[in-house]
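This report refers to the structure that appears directly beneath it.
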Amino acid sequence: MRAVTISAPGGPAKLTSSRVNLDEPGPDEVLIDVAAAGINRADLLQRTGHYPPPAGAPAWPGLEISGTVRRAGHESSPWRPGDRVVALLEGGGYAEQVVVRGTQVLPAPEGVDLVDAAALPEAACTAWTNLVDTARLRAGEHVLVQGGSGGVGSVAVQLATALGAHVITTAGGPERVARCLGLGAEVAVDHRAEDVVEAVRAATEGRGADVVLDVLGACGLRDNVRALATGGRLVVIGLQQGARGEIDLGALMARRAWVTGTTLRSRSAAEKAALVAAVREHVWPMVAEGRLRPVVHARIPLDEAARAHELLESGVPFGKVLLVP
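For the sequence shown, the UniProt record's numbering begins at 1 and goes up steadily by one.
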């Protein structure tokens, strides 16, 4: 089958359309014909050699897809040929077909175009596990979502809003700020022109945010701690602005706050199965009710994956960029 492989670590030009072999699905696996694959920043890191796939995963990138079941590895599988589905992967999504554990497959959400549905699995799982499982976000709390215009951020804003939280988010420029407000944020801050910490304090009557969901990493660490309320929780899920930073422990202690970081790809099969089940139970109804939707910036042919990576790296996209075989 056709897939996009990485010829050597480096820039987008290292992405190459290739013919590869795909293993037959095992007893607990499903073979899916891909309708679209979502591009994530983890794919950019893998391309440059900084985020290798876990053992047993395909060497080519791609952490989420939508498509149609071709066949299941065992007759007892709940999945049948022709089922419209999405899936969370360890890798291999940049291809015409994927094989994935059945526990990481979900029915395509109601009311969503099958191609656009590829924008949801990774983002929905990331947003749910970090806001709910890790940060324990509760209705009525204030949450700062750094980067509300991103693939994960645009879903996190909607999810936190649907959970009853007061959402503050950041974006670059008036147009993107307006679009974040349209996703449900109560306050959207233009980080190019405004002081984010002061905006958070103004929106919370000086308390600060109960939860900060951060994709910036090192360069955002100081301000994220300053933005926390007493008992606040900072969850770092991205390193867009560096992996090493200095933290003011005094400021953290004064707030009785905590900082943690998480990744999704390296989690065990059991952890991913539980997370996918939670998303199906709690998030998919939000999608069916129209309270949460995929945000897709562009659909790009699979053979033009290099252009898609260049686009994502430019910072222009609002929401997800998808590859379509």
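Note that the Cβ used here is the ideal one computed from N, Cα and C, for glycine as well.
Looking at the DSSP output, residue 33 shares a beta bridge with 68 and 97.
Straight-line measurement puts the Cα of residue 248 at about 13 Å from the Cα of residue 256. Counting along the chain, residue 87 sits inside the beta strand (DSSP E) bounded by residues 84 to 88. In the structure shown, residue 15 adopts extended strand secondary structure according to DSSP, grouped into three states.
By the Cβ neighbour-count rule, residue 7 is exposed, with fewer than 16 other Cβ atoms within 10 Å of its own. If you compare the alpha carbons of 105, 54 and 123 with that of residue 266, the shortest gap goes to 54. A Cβ-Cβ distance of about 12 Å is found for the pair residue 165 and residue 187, leaving them out of contact under the 8 Å criterion. Close CB contacts of residue 251 within its chain, under the 6 Å cut and outside five residues either way in sequence, are with 225 (chain order). Within the segment 267 to 316, the alpha helix (DSSP H) runs of at least 4 residues that lie entirely inside it are, in chain order, 269 to 278, 284 to 288 and 305 to 314.
For residue 22, no alpha helix (DSSP H) encloses it, and the DSSP letter there is neither H nor E. With contacts defined by Cβ atoms closer than 8 Å, residue 299 and residue 37 do not form a contacting pair. Rounded to whole angstroms, the gap between the alpha carbons of residue 30 and residue 58 is 15 Å. Cα atoms of residue 62 and residue 222: separation of roughly 32 Å, rounded to the nearest angstrom. Around residue 313, the same chain offers 44 as residues with beta carbons nearer than 7 Å, after the five sequence neighbours per side are excluded.
Bounds of the beta strand (DSSP E) holding residue 235 are 228 to 236. Assigned with DSSP and collapsed to three states, residue 258 falls in strand.
Partner residues in the beta bridge of residue 142, as assigned by DSSP, are 166.
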